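Student: Okay, so the sequence shown: first residue is 7 according to this note's numbering, each after it adds one. This is the structure I want to talk about, given as structure tokens.
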Amino acid sequence: MTTTAEQLSATTLLRFATAGSVDDGKSTLVGRLLHDSKSILTDQLEAVEQASLNRGQEAPDLALLTDGLRAEREQGITIDVAYRYFATTRRRFILADTPGHVQYTRNMVTGASTAELAVVLVDARNGVVEQTRRHAAVAALLRVPHVVLAVNKMDLVDYAEPVFAAIAEEFTAYAASLGVPEITAIPISALAGDNVVEPSAHMDWYGGPTVLEHLETVPVSHDLTACHARFPVQYVIRPQSPEHPDYRGYAGQIAAGVFRVGEAVSVLPSGRTTTITGIDALGESVDIAWAPQSVTIRLADDIDISRGDLIAPADDSPAVTQDVEATVCHVADQPLSVGQRVLIKHTTRTVKAIVKDIPSRLTLDDLSQHPAPGQLVANDIGRVVVRTAEPLALDSYADSRRTGSFLLIDPADGTTLSAGMAGASFAAVAEAAAPAADDDAEWDF
7 MTTTAEQLSA TTLLRFATAG SVDDGKSTLV GRLLHDSKSI LTDQLEAVEQ
57 ASLNRGQEAP DLALLTDGLR AEREQGITID VAYRYFATTR RRFILADTPG
107 HVQYTRNMVT GASTAELAVV LVDARNGVVE QTRRHAAVAA LLRVPHVVLA
157 VNKMDLVDYA EPVFAAIAEE FTAYAASLGV PEITAIPISA LAGDNVVEPS
207 AHMDWYGGPT VLEHLETVPV SHDLTACHAR FPVQYVIRPQ SPEHPDYRGY
257 AGQIAAGVFR VGEAVSVLPS GRTTTITGID ALGESVDIAW APQSVTIRLA
307 DDIDISRGDL IAPADDSPAV TQDVEATVCH VADQPLSVGQ RVLIKHTTRT
357 VKAIVKDIPS RLTLDDLSQH PAPGQLVAND IGRVVVRTAE PLALDSYADS
407 RRTGSFLLID PADGTTLSAG MAGASFAAVA EAAAPAADDD AEWDF
């Protein structure tokens, strides 16, 4: 007989984030999803019921399942990213409920940075608003492969199909222009439960999936084994014991791709080439290993390798550079300025760097570019040019979300300043979408 644990181990994992404007009902949707899929404990539901009664509400306020901060409950808004873990018999989920306020855009970036799907909520009464477009743009910037448009509060517009159709058409056209590869529109009422877990009896004109059904069946496209093989070295194992006098292994987690014994590889940034002679995983030697396994790789030649070096196939290695051009989302309260000295953390490597230029800041409202802003402040998204003290082996973020991303860090106190995406990411798309002098500008997606 198959146990629940065995069923869950055989299911896939989907990471997804919710986003949308203030009061569009994100937390209520998440609460409804957890409640109707029976993914909350009895004591949790009792606590929510009691808190709702204390606030004079007759029915349980399901938004309280995710709004955990006292300030969030008092104001009825979401401030920080709330992570929830739940599972059905078909799939496991990691959910990030992100804020809707403009000043918390950086939190939305944090929640969506690892997501394979984003649920963007729209209030059926208000339609597509400025923050809706902003969140769609951030999803495109972070290259989230699947976007769900959840047109919420359909009960307040009498479940009218024309209202849903107009909003879906407007949003789909906008998101598609940003390069979002897949957009699914679903009419819902999170408060009443329509089309969240169970199909709605009020919208017989809609024949598509419910939110949960779509989440359970959407293709999960995060197969890292199909990506360019990359192995950031985290630790050098050199026991020098009587049992292993000559053992030298390079430990870490495979960021992407597959490595095999006998494969020719390059060690970056030095560029030295060698061959894999052994792979150790969980105390045993194996012939093949793949992402995201944690392994120890042994090499044929005695090369000077340390933490921060990158092992990649000899015929498929990333470019090594000291001039990093990227799009960044600035997340710190202190600004990022031209000439500022920073640390750049890429995989397991951290090097000194200086911000050489900030060519533009992106206005997500209309996708226009503000040239040469001089600095980026909290929640700004812009293009930067960073000069590093030592070479880095970066992929383009378009090719790899793992090895194309990095952090800019304040060397004084270790504060994270900006989250970066190397290469021509969303900024190139925005430049092509906005009026530009260069007629040869091309879409990046």
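Don't be surprised by glycine CBs; every beta carbon is placed ideally from N, CA and C. Here the structure is a predicted model, which means the values were calculated and not measured.
Output yes or no for whether 8 Å exceeds the beta carbon distance between Leu221 and Phe99.
Tutor: Yes, these two residues count as a Cβ contact at 8 Å.
Student: Considering only C-alpha positions, which residue in the set Lys44, Arg96, Ala142 and His152 is nearest to Ala25?
Tutor: Considering only alpha carbons, the answer is Ala142.
Student: Cβ atoms of Arg266 and Ile309: under 8 Å apart, would you say?
Tutor: Their beta carbons are not under 8 Å apart, which means Ile309 does not touch Arg266 by this criterion.
Student: Among Leu155, Gly199 and Val186, which has the Cα closest to the Cα of Asp161?
Tutor: Cα-wise, what sits closest to Asp161 is Gly199.
Student: DSSP three-state label for Arg76, please.
Tutor: Only weak support is given to the placement of Arg76: the predicted model assigns it a pLDDT of 39, under 50, and the question is left unresolved by the model.
Student: For Ala384, which of Ala338, Ala425, Pro245 and His208 has the nearest alpha-carbon?
Tutor: Among Ala338, Ala425, Pro245 and His208, the Cα nearest to that of Ala384 belongs to Ala338.
Student: Within 10 Å of its beta-carbon, does Leu123 have 16 or more other beta-carbons around it, so buried, or fewer, so exposed?
Tutor: Looking at its Cβ environment, which holds 16 or more other Cβ atoms inside 10 Å, Leu123 is buried.
Student: Give, in chain order, every unbroken run of the alpha helix (DSSP H) that is at least 4 residues long and sits entirely within the stretch 110-135.
Tutor: Taking only runs of at least 4 residues, the alpha helix (DSSP H) segments lying wholly in the stretch 110-135 are 111-118.
Student: Which whole-angstrom value describes the C-beta separation of Thr18 and Val226, a residue pair presumed to lie in contact below a C-beta threshold of 8 Å?
Tutor: Yes, they are in contact, since the Cβ atoms of Thr18 and Val226 sit about 5 Å apart, within 8 Å.
Student: Under DSSP, the beta strand (DSSP E) around His220 begins and ends at which residues?
Tutor: That residue, His220, is in no beta strand (DSSP E); its alpha helix (DSSP H) goes Val217 to Thr223.
Student: Among His234, Glu269, Asp322 and Thr327, which residue has its Cα nearest to the Cα of Pro275?
Tutor: Of the candidates His234, Glu269, Asp322 and Thr327, the one whose C-alpha sits nearest the C-alpha of Pro275 is Thr327.
Student: From the DSSP secondary-structure annotation, give me the bridge partner or partners of Cys335.
Tutor: In DSSP, Cys335 forms a bridge with Ile387 and Ala425.
Student: Where does Glu167 sit, in a helix, a strand or coil, going by DSSP?
Tutor: Note: Glu167 maps to helix in three-state DSSP.
Student: For the beta strand (DSSP E) that contains Ser33, what are its first and last residues?
Tutor: Premise fails: Ser33 lies in the alpha helix (DSSP H), Lys32 to Asp42, not in any beta strand (DSSP E).
Student: Near Glu269, which residues of its chain fall below 6 Å by C-beta distance, leaving aside the five closest residues on each side in sequence?
Tutor: Answer for Glu269: Ile282, listed in chain order.
Student: Would you tell me roughly how many angstroms separate the C-alpha atoms of Pro379 and Asp416, rounded to the nearest one?
Tutor: Their backbone Cα atoms lie some 20 Å apart in a straight line.
Student: Where are the beta strand (DSSP E) runs, 3 residues long or more, that stay fully inside the stretch 299-349, in chain order?
Tutor: Segments of the beta strand (DSSP E) lying fully in the stretch 299-349: 300-305, 316-319 and 326-336.
Student: Ala77 to His208, Cα distance in whole Å?
Tutor: Residue placement at Ala77 is flagged as unreliable, the pLDDT there being 44, under the threshold of 50; the coordinate-derived value follows with that caveat. Using only the alpha carbons, I get a separation of about 35 Å.
Student: Is it true that the stretch 407-421 meets the stretch 339-348, where meeting means three or more beta-carbon pairs spaced less than 8 Å apart?
Tutor: Touching, yes.
Student: Would you list the one or two residues that DSSP bridges to Gln381?
Tutor: Beta-bridge pairing links Gln381 to Ser343.
Student: To the nearest angstrom, how far is the alpha carbon of Ile243 from that of Thr223?
Tutor: Ile243 and Thr223: Cα-Cα distance of roughly 42 Å.
Student: Kindly indicate which three-state DSSP category Val226 falls into: helix, strand or coil?
Tutor: It is coil, neither helix nor strand.
Student: Mind reading off the beta-carbon distance from Thr409 to Thr353? Whole number of angstroms is fine, and I expect it under 8 Å.
Tutor: Contact holds; Cβ gap of about 6 Å.
Student: CB-CB under 6 Å to Lys362, same chain, minus the five flanking residues each way: which ones, in chain order?
Tutor: Closer than 6 Å at the Cβ level, and outside the excluded window around Lys362, lie Val391 and Arg393.
Student: Thinking C-alpha only, which one of Leu218, Ala88 and Leu40 is nearest Arg96?
Tutor: Taking only the C-alpha atoms, the option nearest Arg96 is Leu218.
Student: Skipping 5 residues on each side, what residues in its chain have a beta carbon closer than 6 Å to that of Gly314?
Tutor: Closer than 6 Å at the Cβ level, and outside the excluded window around Gly314, lie Thr354 and Arg355.
Student: On the premise that Gly258 lies in contact with Val239, defined as a C-beta separation below 8 Å, what is that separation, rounded to the nearest angstrom?
Tutor: Yes, Val239 and Gly258 are in contact; Cβ-Cβ is about 5 Å, under 8 Å.
Student: How would you write the range of the beta strand (DSSP E) that Tyr212 sits in, first residue to last?
Tutor: Element bounds for Tyr212: n/a, residue is neither H nor E.
Student: Hey, Thr120 and Arg140: beta-carbon distance below 8 Å or not?
Tutor: Not closer than 8 Å, so no.
Student: Over what stretch of residues does the beta strand (DSSP E) that includes Glu188 continue unbroken?
Tutor: Taken as a continuous stretch (DSSP letters only), the beta strand (DSSP E) holding Glu188 covers Glu188 to Pro193.
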